[in-house]
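To start, the structure itself, in structure tokens.
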Amino acid sequence: MRDFYTEQQLIDAVKAGDEDRVRAIASLSPELIDTEEDGVPVVRLAVYFRHPRIAQALADMGARLDIFTAAAMDKADRLAILLQGARGQIDGWSA
Numbered sequence: 003m004r005d006f007y008t009e010q011q012l013i014d015a016v017k018a019g020d021e022d023r024v025r026a027i028a029s030l031s032p033e034l035i036d037t038e039e040d041g042v043p044v045v046r047l048a049v050y051f052r053h054p055r056i057a058q059a060l061a062d063m064g065a066r067l068d069i070f071t072a073a074a075m076d077k078a079d080r081l082a083i084l085l086q087g088a089r090g091q092i093d094g095w096s097a
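Per the working numbering, the very first residue in the sequence shown carries number 3; after that it's consecutive.
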């Protein structure tokens with residue numbers, strides 16, 4: 003029997019810093035990997051809540067890194083690539 007998880011369960015695990023639970027949820031319900039809370043992707047929430055290992059784990063598992071998330075994660079190479087394709091977002095802002 004397959005376990006199904008909700009977006010809120012992933013968000014709660016990220017905020018709590020529960021890396022094992024985040025990995026389990028993302029593995030069993032990969033469609034949740036790009037879940038957002040109030041427009042903020044869970045991978046960036048992990049950075050904001052000072053859980054860089056969780057942020058990296060989510061990125062390694064395929065979470066989408068937008069310009070703001072790449073900047074928050076200090077991913078200069080990814081940020082440069084994203085900025086080349088989205089020059090209009092250079093002066094953008096994030097919630």
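Where is the CB? At the ideal position from N, CA and C, for every residue including glycine.
Report the three-state DSSP secondary structure of MET3 (helix, strand or coil). At MET3 the pLDDT is 41, less than 50, meaning the model places this residue with poor confidence; the figure from the coordinates comes in the next sentence. Residue state, collapsed to three classes: coil.
Give me, in chain order, the residues of the same chain whose beta-carbon lies closer than 8 Å to that of LEU12; leave out the 5 immediate sequence neighbours on both sides. VAL24, ILE27, ALA28, SER31, LEU34, THR37, VAL44
Buried versus exposed call for THR8 [16 or more other C-beta atoms within 10 Å across all chains shown]: exposed
In the DSSP assignment, find the alpha helix (DSSP H) that holds PHE70 and state where it starts and stops. 69-74
Start and end residues, alpha helix (DSSP H) containing LEU60: 54-62
Does the beta-carbon distance from LEU60 to ALA48 come in below 8 Å? yes
How many Å lie between ALA15 and ARG52 at the Cα? 13 Å
From MET63, GLY64, THR71, pick the residue whose C-alpha is nearest to that of TYR50; which is it? THR71
With distances taken between CB atoms, is the gap from GLY19 to ILE56 smaller than 8 Å? yes
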